[in-house]
Amino acid sequence: MVQLVPTADADPVNRLTAILADDLAAVDRVIRSRMESEHARRVGEVATHVIDAGGKRLRPLLTLAAARLCGYAGDAHIGLAATVELIHTATLLHDDVVDESLRRRGRPTANRLWDNKSSVLVGDYLFSRSFQLMVESESLRILGIIADAAATIAEGEVLQLTASRSLATDEPTYLKVIRGKTAALFSAATEVGAVVAGAPEPVIAGLRDFGDAFGMSFQITDDILDYTGSAEILKKNPGDDFRASKLTLPVIKAAAHAGIEERAFWTRVIELGDQREDDLEVAMRLFDRHGALESSRQDARRWSDVAHSSLGAVPESPVGLRALLADLAKDTVSRLT
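Counting in the numbering used here, the sequence shown runs from 62 upward without gaps.
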(Lines of atoms letter the chains of each structure in order from A and count residues from 1; the text may use other names and numbers.)
(Lines give C-alpha, C1' and ligand atoms only; values in the text may rest on other atoms or scores of the structure.)
Protein backbone atom coordinates (compact mmCIF):
# COMPACT_ATOMS: atom_id res chain seq x y z
CA MET A 1 0.00 0.00 0.00
CA VAL A 2 1.22 3.50 -0.86
CA GLN A 3 0.85 5.89 2.05
CA LEU A 4 0.24 9.60 1.51
CA VAL A 5 2.05 11.30 4.36
CA PRO A 6 3.29 14.85 4.97
CA THR A 7 7.02 14.42 4.39
CA ALA A 8 7.92 17.53 2.38
CA ASP A 9 10.72 18.61 4.71
CA ALA A 10 12.56 15.26 4.64
CA ASP A 11 15.22 14.24 2.13
CA PRO A 12 14.05 12.16 -0.87
CA VAL A 13 15.09 8.79 0.59
CA ASN A 14 13.23 9.47 3.84
CA ARG A 15 10.19 10.67 1.91
CA LEU A 16 10.18 7.55 -0.26
CA THR A 17 10.66 5.41 2.84
CA ALA A 18 7.67 7.04 4.51
CA ILE A 19 5.40 6.73 1.47
CA LEU A 20 6.38 3.11 0.84
CA ALA A 21 6.62 2.08 4.52
CA ASP A 22 4.16 -0.81 4.28
CA ASP A 23 5.85 -2.21 1.20
CA LEU A 24 9.30 -1.89 2.80
CA ALA A 25 8.14 -3.70 5.91
CA ALA A 26 6.88 -6.54 3.73
CA VAL A 27 10.21 -6.64 1.89
CA ASP A 28 12.06 -6.86 5.20
CA ARG A 29 9.91 -9.79 6.29
CA VAL A 30 10.67 -11.64 3.05
CA ILE A 31 14.40 -10.95 3.33
CA ARG A 32 14.58 -12.23 6.89
CA SER A 33 12.59 -15.34 6.07
CA ARG A 34 14.87 -16.16 3.12
CA MET A 35 18.23 -15.53 4.76
CA GLU A 36 17.77 -18.21 7.41
CA SER A 37 18.96 -21.78 7.00
CA GLU A 38 17.45 -24.77 8.75
CA HIS A 39 20.74 -26.66 8.87
CA ALA A 40 23.51 -24.02 8.86
CA ARG A 41 23.03 -21.50 11.67
CA ARG A 42 25.99 -19.41 10.55
CA VAL A 43 24.10 -18.40 7.41
CA GLY A 44 21.58 -16.47 9.50
CA GLU A 45 24.25 -15.06 11.81
CA VAL A 46 26.38 -13.64 9.02
CA ALA A 47 23.45 -12.43 6.90
CA THR A 48 21.78 -10.77 9.89
CA HIS A 49 25.01 -8.94 10.73
CA VAL A 50 25.13 -7.42 7.26
CA ILE A 51 21.41 -6.68 6.96
CA ASP A 52 21.28 -5.05 10.40
CA ALA A 53 24.29 -2.85 9.67
CA GLY A 54 21.97 -0.16 8.40
CA GLY A 55 21.81 1.34 4.96
CA LYS A 56 18.87 3.07 3.35
CA ARG A 57 17.50 0.07 1.41
CA LEU A 58 17.92 2.24 -1.67
CA ARG A 59 17.79 -0.55 -4.25
CA PRO A 60 14.53 -2.15 -3.04
CA LEU A 61 13.11 1.34 -2.68
CA LEU A 62 13.73 1.87 -6.39
CA THR A 63 11.85 -1.31 -7.28
CA LEU A 64 8.91 -0.46 -5.03
CA ALA A 65 8.76 3.15 -6.24
CA ALA A 66 8.92 2.13 -9.92
CA ALA A 67 6.12 -0.40 -9.51
CA ARG A 68 3.82 1.95 -7.59
CA LEU A 69 4.66 4.83 -9.93
CA CYS A 70 3.39 2.65 -12.79
CA GLY A 71 0.12 2.04 -10.96
CA TYR A 72 0.84 -1.47 -9.73
CA ALA A 73 -1.64 -2.69 -7.13
CA GLY A 74 -0.41 -6.24 -6.55
CA ASP A 75 2.32 -7.63 -4.32
CA ALA A 76 4.77 -9.38 -6.68
CA HIS A 77 7.03 -6.33 -6.49
CA ILE A 78 7.73 -7.21 -2.84
CA GLY A 79 9.60 -10.37 -3.78
CA LEU A 80 11.45 -8.55 -6.55
CA ALA A 81 12.55 -5.79 -4.19
CA ALA A 82 13.76 -8.45 -1.74
CA THR A 83 15.61 -10.15 -4.61
CA VAL A 84 17.46 -6.95 -5.42
CA GLU A 85 18.47 -6.41 -1.79
CA LEU A 86 19.64 -10.01 -1.34
CA ILE A 87 21.86 -9.66 -4.42
CA HIS A 88 23.25 -6.41 -3.05
CA THR A 89 23.94 -8.00 0.33
CA ALA A 90 25.68 -10.95 -1.32
CA THR A 91 27.95 -8.59 -3.28
CA LEU A 92 28.85 -6.72 -0.08
CA LEU A 93 29.98 -9.96 1.55
CA HIS A 94 32.08 -10.86 -1.47
CA ASP A 95 33.48 -7.34 -1.89
CA ASP A 96 34.72 -7.20 1.68
CA VAL A 97 36.66 -10.43 1.15
CA VAL A 98 38.16 -9.25 -2.15
CA ASP A 99 39.05 -5.83 -0.71
CA GLU A 100 40.22 -7.31 2.60
CA SER A 101 37.96 -4.77 4.31
CA LEU A 102 37.74 -4.63 8.10
CA ARG A 103 34.88 -2.17 8.53
CA ARG A 104 31.67 -1.32 6.70
CA ARG A 105 29.14 1.33 7.75
CA GLY A 106 31.14 1.85 10.92
CA ARG A 107 30.98 -1.81 12.00
CA PRO A 108 33.38 -4.75 11.68
CA THR A 109 32.87 -6.66 8.45
CA ALA A 110 31.57 -10.23 8.47
CA ASN A 111 34.90 -11.57 7.21
CA ARG A 112 36.59 -9.94 10.20
CA LEU A 113 34.10 -11.30 12.75
CA TRP A 114 33.93 -14.77 11.22
CA ASP A 115 36.25 -15.54 8.30
CA ASN A 116 36.58 -15.22 4.54
CA LYS A 117 35.13 -18.68 3.90
CA SER A 118 31.95 -17.87 5.80
CA SER A 119 31.51 -14.55 3.97
CA VAL A 120 31.97 -16.09 0.53
CA LEU A 121 29.71 -19.07 1.20
CA VAL A 122 26.94 -17.03 2.84
CA GLY A 123 27.15 -14.60 -0.08
CA ASP A 124 26.67 -17.55 -2.43
CA TYR A 125 23.70 -18.72 -0.35
CA LEU A 126 22.05 -15.30 -0.58
CA PHE A 127 22.61 -15.24 -4.34
CA SER A 128 20.86 -18.60 -4.63
CA ARG A 129 17.97 -17.41 -2.47
CA SER A 130 17.61 -14.31 -4.62
CA PHE A 131 17.24 -16.46 -7.71
CA GLN A 132 14.61 -18.60 -6.01
CA LEU A 133 12.64 -15.43 -5.31
CA MET A 134 13.14 -14.21 -8.84
CA VAL A 135 11.69 -17.42 -10.32
CA GLU A 136 8.56 -16.94 -8.21
CA SER A 137 7.71 -13.93 -10.38
CA GLU A 138 6.98 -16.47 -13.17
CA SER A 139 8.28 -13.96 -15.71
CA LEU A 140 11.07 -14.93 -18.08
CA ARG A 141 11.58 -11.26 -18.88
CA ILE A 142 12.16 -10.36 -15.24
CA LEU A 143 14.40 -13.39 -14.81
CA GLY A 144 16.44 -12.22 -17.79
CA ILE A 145 16.76 -8.65 -16.49
CA ILE A 146 18.06 -9.68 -13.07
CA ALA A 147 20.24 -12.49 -14.42
CA ASP A 148 21.85 -10.05 -16.86
CA ALA A 149 22.46 -7.60 -14.01
CA ALA A 150 24.07 -10.34 -11.90
CA ALA A 151 26.39 -11.23 -14.79
CA THR A 152 27.29 -7.55 -15.30
CA ILE A 153 28.05 -7.18 -11.58
CA ALA A 154 30.38 -10.18 -11.63
CA GLU A 155 32.08 -8.99 -14.81
CA GLY A 156 32.57 -5.54 -13.32
CA GLU A 157 34.14 -6.99 -10.19
CA VAL A 158 36.63 -9.03 -12.23
CA LEU A 159 37.45 -6.01 -14.39
CA GLN A 160 38.02 -3.98 -11.23
CA LEU A 161 40.62 -6.50 -10.06
CA THR A 162 42.88 -5.59 -12.97
CA ALA A 163 41.84 -1.98 -13.47
CA SER A 164 41.70 -0.53 -9.96
CA ARG A 165 45.46 -0.38 -9.43
CA SER A 166 46.69 0.22 -12.98
CA LEU A 167 47.43 3.71 -14.27
CA ALA A 168 46.67 2.38 -17.75
CA THR A 169 42.98 2.42 -16.74
CA ASP A 170 41.18 5.18 -18.61
CA GLU A 171 37.81 6.83 -17.99
CA PRO A 172 35.80 4.52 -20.30
CA THR A 173 37.15 1.50 -18.40
CA TYR A 174 36.33 3.14 -15.08
CA LEU A 175 32.77 3.71 -16.29
CA LYS A 176 32.47 0.03 -17.21
CA VAL A 177 33.63 -0.88 -13.70
CA ILE A 178 31.12 1.32 -11.92
CA ARG A 179 28.31 0.27 -14.25
CA GLY A 180 28.95 -3.27 -13.02
CA LYS A 181 29.67 -2.25 -9.44
CA THR A 182 26.61 -0.05 -8.92
CA ALA A 183 24.55 1.05 -11.92
CA ALA A 184 23.57 -2.41 -13.23
CA LEU A 185 21.63 -3.31 -10.09
CA PHE A 186 20.06 0.17 -9.84
CA SER A 187 18.91 -0.15 -13.45
CA ALA A 188 17.53 -3.67 -12.94
CA ALA A 189 15.74 -2.53 -9.77
CA THR A 190 13.78 0.19 -11.54
CA GLU A 191 13.22 -1.83 -14.71
CA VAL A 192 11.68 -4.88 -13.00
CA GLY A 193 9.39 -2.61 -11.01
CA ALA A 194 8.02 -1.20 -14.24
CA VAL A 195 7.83 -4.60 -15.95
CA VAL A 196 5.90 -6.27 -13.13
CA ALA A 197 3.45 -3.36 -13.28
CA GLY A 198 2.85 -3.97 -17.00
CA ALA A 199 3.98 -0.46 -17.91
CA PRO A 200 4.23 0.64 -21.56
CA GLU A 201 7.63 0.07 -23.18
CA PRO A 202 8.64 3.78 -23.24
CA VAL A 203 7.99 3.96 -19.49
CA ILE A 204 9.97 0.77 -18.84
CA ALA A 205 12.87 2.15 -20.89
CA GLY A 206 12.73 5.49 -19.10
CA LEU A 207 12.86 3.89 -15.65
CA ARG A 208 15.63 1.50 -16.72
CA ASP A 209 17.70 4.42 -18.03
CA PHE A 210 16.97 6.42 -14.89
CA GLY A 211 18.33 3.62 -12.72
CA ASP A 212 21.47 3.32 -14.85
CA ALA A 213 22.24 7.04 -14.87
CA PHE A 214 21.38 7.47 -11.20
CA GLY A 215 23.70 4.57 -10.34
CA MET A 216 26.55 6.12 -12.33
CA SER A 217 26.07 9.48 -10.63
CA PHE A 218 25.76 7.80 -7.23
CA GLN A 219 29.06 5.91 -7.57
CA ILE A 220 31.05 8.83 -8.99
CA THR A 221 29.75 10.97 -6.12
CA ASP A 222 30.76 8.30 -3.62
CA ASP A 223 34.28 8.17 -5.10
CA ILE A 224 34.62 11.95 -4.85
CA LEU A 225 33.33 12.04 -1.28
CA ASP A 226 36.05 9.61 -0.24
CA TYR A 227 38.38 12.59 -0.64
CA THR A 228 36.09 15.46 0.35
CA GLY A 229 33.48 14.03 2.75
CA SER A 230 33.46 13.76 6.51
CA ALA A 231 33.78 10.58 8.57
CA GLU A 232 30.26 11.19 9.93
CA ILE A 233 28.77 11.15 6.43
CA LEU A 234 30.96 8.42 5.00
CA LYS A 235 30.80 6.05 8.00
CA LYS A 236 34.50 5.52 7.29
CA ASN A 237 37.66 7.60 7.28
CA PRO A 238 38.08 10.04 4.39
CA GLY A 239 40.85 8.87 2.08
CA ASP A 240 40.25 5.17 2.67
CA ASP A 241 40.11 4.51 -1.09
CA PHE A 242 43.44 6.27 -1.50
CA ARG A 243 45.02 4.32 1.35
CA ALA A 244 43.74 1.12 -0.27
CA SER A 245 45.43 2.24 -3.52
CA LYS A 246 42.11 2.28 -5.41
CA LEU A 247 42.13 3.99 -8.77
CA THR A 248 38.94 6.06 -8.84
CA LEU A 249 37.89 8.87 -11.18
CA PRO A 250 39.73 11.77 -9.48
CA VAL A 251 43.01 9.82 -9.64
CA ILE A 252 42.44 8.85 -13.27
CA LYS A 253 41.84 12.50 -14.20
CA ALA A 254 44.87 13.77 -12.27
CA ALA A 255 47.17 11.05 -13.62
CA ALA A 256 46.08 11.81 -17.18
CA HIS A 257 47.63 15.29 -16.83
CA ALA A 258 50.67 14.22 -14.82
CA GLY A 259 54.24 15.09 -15.75
CA ILE A 260 57.15 12.74 -15.12
CA GLU A 261 57.43 13.45 -11.38
CA GLU A 262 53.69 13.34 -10.79
CA ARG A 263 53.40 10.12 -12.76
CA ALA A 264 56.09 8.58 -10.58
CA PHE A 265 54.10 9.63 -7.51
CA TRP A 266 50.90 7.98 -8.76
CA THR A 267 52.81 4.85 -9.76
CA ARG A 268 54.26 4.56 -6.27
CA VAL A 269 51.08 5.18 -4.28
CA ILE A 270 48.56 3.40 -6.53
CA GLU A 271 50.32 0.72 -8.55
CA LEU A 272 52.98 -0.18 -5.99
CA GLY A 273 50.95 0.65 -2.88
CA ASP A 274 53.98 2.33 -1.33
CA GLN A 275 52.46 5.18 0.68
CA ARG A 276 54.00 7.64 3.09
CA GLU A 277 52.58 9.85 5.80
CA ASP A 278 51.88 12.97 3.74
CA ASP A 279 50.90 11.29 0.45
CA LEU A 280 47.18 11.99 0.81
CA GLU A 281 47.93 15.71 1.16
CA VAL A 282 50.14 15.53 -1.95
CA ALA A 283 47.32 13.81 -3.86
CA MET A 284 44.86 16.54 -2.84
CA ARG A 285 47.24 19.21 -4.12
CA LEU A 286 47.56 17.40 -7.45
CA PHE A 287 43.78 17.13 -7.69
CA ASP A 288 43.55 20.86 -7.17
CA ARG A 289 46.32 21.61 -9.67
CA HIS A 290 44.60 19.69 -12.46
CA GLY A 291 40.96 20.33 -11.50
CA ALA A 292 40.40 16.59 -11.07
CA LEU A 293 37.79 16.84 -8.32
CA GLU A 294 35.83 19.59 -10.05
CA SER A 295 35.88 17.69 -13.35
CA SER A 296 34.64 14.59 -11.53
CA ARG A 297 31.87 16.65 -9.93
CA GLN A 298 30.80 17.81 -13.38
CA ASP A 299 30.63 14.21 -14.56
CA ALA A 300 28.47 13.24 -11.57
CA ARG A 301 26.13 16.15 -12.25
CA ARG A 302 25.87 15.23 -15.95
CA TRP A 303 24.80 11.70 -15.05
CA SER A 304 22.30 13.16 -12.59
CA ASP A 305 20.89 15.30 -15.41
CA VAL A 306 20.60 12.20 -17.61
CA ALA A 307 18.71 10.45 -14.83
CA HIS A 308 16.32 13.38 -14.55
CA SER A 309 15.69 13.59 -18.29
CA SER A 310 15.12 9.81 -18.51
CA LEU A 311 11.90 10.29 -16.56
CA GLY A 312 10.39 12.38 -19.35
CA ALA A 313 8.17 9.58 -20.65
CA VAL A 314 7.12 8.48 -17.17
CA PRO A 315 3.75 9.82 -15.94
CA GLU A 316 3.44 11.19 -12.43
CA SER A 317 1.65 9.25 -9.70
CA PRO A 318 -0.94 10.69 -7.29
CA VAL A 319 1.64 10.83 -4.46
CA GLY A 320 4.41 12.36 -6.57
CA LEU A 321 6.74 9.37 -6.90
CA ARG A 322 8.24 10.53 -10.20
CA ALA A 323 9.15 13.89 -8.66
CA LEU A 324 10.69 12.06 -5.71
CA LEU A 325 12.87 9.95 -8.02
CA ALA A 326 14.01 13.12 -9.76
CA ASP A 327 14.76 14.69 -6.37
CA LEU A 328 16.72 11.57 -5.45
CA ALA A 329 19.05 12.06 -8.41
CA LYS A 330 19.52 15.75 -7.56
CA ASP A 331 20.05 15.06 -3.88
CA THR A 332 22.89 12.63 -4.57
CA VAL A 333 25.05 15.24 -6.27
CA SER A 334 23.97 17.99 -3.86
CA ARG A 335 26.33 16.32 -1.36
CA LEU A 336 29.20 17.57 -3.52
CA THR A 337 28.57 21.28 -2.89
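Idealized CB from N, CA, C, for every residue including glycine. On a predicted model such as this, the values are computed, not experimentally measured, just so you know.
Which of the three DSSP states is assigned to Arg102 in this structure?
For the purposes of this step, residue 102 is taken as residue 41 along the sequence shown, with counting starting at 1. Reduced to three states, the DSSP call for Arg102 is helix.
My output table needs one value for Arg396: the three-state DSSP class, helix, strand or coil.
As a working note, residue 396 is residue 335 in the sequence shown. Arg396: coil per DSSP, three-state reduction.
For a test of the three-state rule: what should DSSP assign to Pro73, helix, strand or coil?
Within the sequence shown, numbered from 1, the residue matching residue 73 stands at position 12. If DSSP states are grouped into helix, strand and coil, Pro73 belongs with the helices.
Cutting at 6 Å between CB atoms, please list the residues of its own chain near His110, excluding the five before and the five after it.
The sequence position of residue 110 within the sequence shown is 49, counting from 1. Answer for His110: Ala171, listed in chain order.
From Gly272 to Pro376, what does the alpha carbon distance come to, in whole angstroms?
Here residue 272 corresponds to residue number 211 of the sequence shown, with the count starting at 1. Here residue 376 corresponds to residue number 315 of the sequence shown, with the count starting at 1. If you take the alpha carbons of Gly272 and Pro376, they lie about 16 Å apart.
Out of Ser370, Ile112, Ala319 and Val367, state which residue places its alpha-carbon closest to the alpha-carbon of Leu347.
For the purposes of this step, residue 347 is taken as residue 286 along the sequence shown, with counting starting at 1. Ranking the options by Cα distance to Leu347, first place goes to Ala319.
Within 10 Å of its beta-carbon, does Glu146 have 16 or more other beta-carbons around it, so buried, or fewer, so exposed?
On the sequence shown, position 85 is the one that residue 146 refers to. Glu146 is buried by the Cβ-count criterion.
Which residue from Ala108, Ala79 and Asp157 puts its Cα closest to that of Arg93?
For this step, residue 93 is matched to residue 32 along the sequence shown. If we check each option's Cα against that of Arg93, Ala108 comes out closest.
Taking C-alpha atoms, which residue in Leu182, Asp84, Ala143 and Asp83 lies nearest to Ile112?
As a working note, residue 112 is residue 51 in the sequence shown. Among Leu182, Asp84, Ala143 and Asp83, the Cα nearest to that of Ile112 belongs to Ala143.
Starting from the C-beta of His369, find all residues in its chain whose C-beta is less than 6 Å away, skip the five residues before and the five after it, and write them out in chain order.
Walking along the sequence shown from the start, residue 369 turns up at place 308. Same-chain partners within the cutoff: Ala387 and Ala390.
Label Ser371 either buried or exposed according to how many other C-beta atoms from any shown protein chain fall within 10 Å of its C-beta, with 16 as the threshold for buried.
One-based indexing of the sequence shown puts residue 371 at position 310. It is buried - the Cβ of Ser371 has at least 16 other Cβ atoms within 10 Å.
Can you round the beta-carbon distance between Gly254 and Leu141 to whole angstroms, since I take them to be within the 8 Å contact cut?
In the sequence shown, residue 254 corresponds to position 193, counting from 1. In the sequence shown, residue 141 corresponds to position 80, counting from 1. The Cβ separation is near 7 Å, so the contact holds.
Assuming His332 contacts Arg226 under a Cβ cut-off of 8 Å, what Cβ separation, rounded to an integer in Å, is found between them?
Locating residue 332 in the sequence shown gives position 271, counting from the first residue. Locating residue 226 in the sequence shown gives position 165, counting from the first residue. Correcting the residue type first, residue 332 is Glu in the shown sequence and not His. Confirmed, Cβ separation roughly 6 Å.
What residues are listed by DSSP as bridge partners for Arg190?
Position 129 of the sequence shown, counted from the first residue, corresponds to residue 190. Beta-bridge pairing links Arg190 to no other residue.
For my contact list, Leu308 and Thr230 are in at a C-beta cut-off of 8 Å; report their separation, rounded to the angstrom.
For this step, residue 308 is matched to residue 247 along the sequence shown. For this step, residue 230 is matched to residue 169 along the sequence shown. Rounded, the Cβ-Cβ distance is 6 Å, consistent with contact.
How about Ala384 and Thr251: do their beta carbons lie closer than 7 Å?
Taking the sequence shown and counting its residues from 1, the one referred to as residue 384 is at position 323. Taking the sequence shown and counting its residues from 1, the one referred to as residue 251 is at position 190. Result no, Cβ atoms of Ala384 and Thr251 do not sit closer than 7 Å.
Provide the residue span of the alpha helix (DSSP H) that contains Thr124, from first to last.
Taking the first residue of the sequence shown as position 1, residue 124 is located at position 63. From DSSP, the alpha helix (DSSP H) with Thr124 extends over Leu119 to Leu130.
Helix, strand or coil for Pro233, going by three-state DSSP, please let me know.
For the purposes of this step, residue 233 is taken as residue 172 along the sequence shown, with counting starting at 1. In this structure, Pro233 counts as helix in the three-state DSSP scheme.
Taking 8 Å as the threshold, find out whether the stretch 239 to 246 comes into contact with the stretch 183 to 191 through three or more Cβ pairs.
No, they do not touch.
Measuring alpha carbon to alpha carbon, tell me which residue in Trp364, His351 and Pro263 is nearest Gly373.
Taking the first residue of the sequence shown as 1, we reach residue 373 at position 312. Cα-wise, what sits closest to Gly373 is Pro263.
Could you tell me which whole alpha helix (DSSP H) segments of length 4 or greater appear in the stretch 319 to 353?
Correct list: 321 to 327 and 340 to 351.
What are the start and end residues of the alpha helix (DSSP H) that includes Thr309?
Residue mapping note: residue 309 aligns to position 248 of the sequence shown, counting from 1. Thr309 -> no alpha helix (DSSP H), and no H or E assigned at all.
Counting only runs of 4+ residues fully inside the stretch 198 to 232, write out the alpha helix (DSSP H) ranges in chain order.
Correct list: 201 to 224.
Is the separation between the beta-carbon of Val394 and that of Ala361 shorter than 7 Å?
For this step, residue 394 is matched to residue 333 along the sequence shown. For this step, residue 361 is matched to residue 300 along the sequence shown. A contact, by the Cβ cut-off of 7 Å.
Compute the Euclidean distance between the alpha carbons of Ser179 and Val380, then round it to the nearest angstrom.
In the sequence shown, the residue the question calls residue 179 occupies position 118. In the sequence shown, the residue the question calls residue 380 occupies position 319. One C-alpha to the other measures close to 43 Å.
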